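See below for the structure under consideration.
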Amino acid sequence: MDIQNTQSQMRKGVLEFCILSIIRQGEVYPSDIVEKMKAANLYILEGTLYPLLTRLKNAQLLTYRWVESSGGPPRKYFVMTDKGLEFYKELEYTWKELADAVHALTEPQQHSISEENPTQL
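Residue numbers (this note's numbering): 951 to 1071.
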């Protein structure tokens, strides 16, 4: 079994949630998303990011505006729509449930006081 493939699949599963988390904080340029992901040790290539942003925009979860650049072509800045915010809230709830469930399964079991010392209640 290839551990790198499994790790990659785990990261892909949370990629959309992480990107939406960044955009939820305010208007953002795609290279800023790449940098924030990198700072969190989640590496993403622009070739992966742009199709995802387009899909989220087509689903009306994001919108964008063009901003003129002094040193090159105009830049596309993304922002979350109201529909995107509602979608994000659902993802956030799902993530918390999932993280709690994984934590419950992967952490050593805690013994209750009565199990540790049965004579003491």
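A virtual CB, placed ideally from N, CA and C, is assigned to each residue, including glycine. Here the structure is a predicted model, which means the values were calculated and not measured.
I need the straight-line Cα distance from N955 to G1021, nearest angstrom please.
Taking the first residue of the sequence shown as position 1, residue 955 is located at position 5. Taking the first residue of the sequence shown as position 1, residue 1021 is located at position 71. Computed Cα separation, rounded: 39 Å.
Using the rule of at least 16 other Cβ atoms within 10 Å of the residue's Cβ for burial, across every protein chain shown, is I953 buried or exposed?
As a first step, residue 953 is located in the sequence shown; it is residue number 3 there, counting from the start. Label assigned to I953: exposed.
With DSSP as the reference, please indicate the residues paired to K1026 in a beta bridge.
Here residue 1026 is taken as the residue at index 76 of the sequence shown, counted from 1. Assignment of beta-bridge partners to K1026 by DSSP yields W1016.
Let's see if you can read the secondary structure: which residues bound the alpha helix (DSSP H) around A1054?
The residue you call residue 1054 lines up with position 104 of the sequence shown. Looking at the DSSP string, the run of the alpha helix (DSSP H) that includes A1054 is 1032–1056.
Proximity to T1013 [Cα-Cα], best of L992, Q959, L970, E996
Counting from 1 along the sequence shown, the entry for residue 1013 is found at position 63. T1013 has its Cα closest to that of L970, out of L992, Q959, L970, E996.
Between P980 and L999, which are expected to be in contact by the criterion C-beta below 8 Å, what is the C-beta distance as a whole number of angstroms?
Position 30 of the sequence shown, counted from the first residue, corresponds to residue 980. Position 49 of the sequence shown, counted from the first residue, corresponds to residue 999. Their Cβ separation, rounded to whole angstroms, is 6 Å, which keeps P980 and L999 in contact under 8 Å.
First and last residue of the uninterrupted alpha helix (DSSP H) at V978
If you number the sequence shown from 1, residue 978 lands on position 28. Unbroken run through V978: none, as it is neither H nor E.
Cβ of R974 within 8 Å of Cβ of L1048?
Locating residue 974 in the sequence shown gives position 24, where the first residue counts as 1. Locating residue 1048 in the sequence shown gives position 98, where the first residue counts as 1. Against a cut-off of 8 Å, the Cβ pair of L1048 and R974 comes out as no contact.
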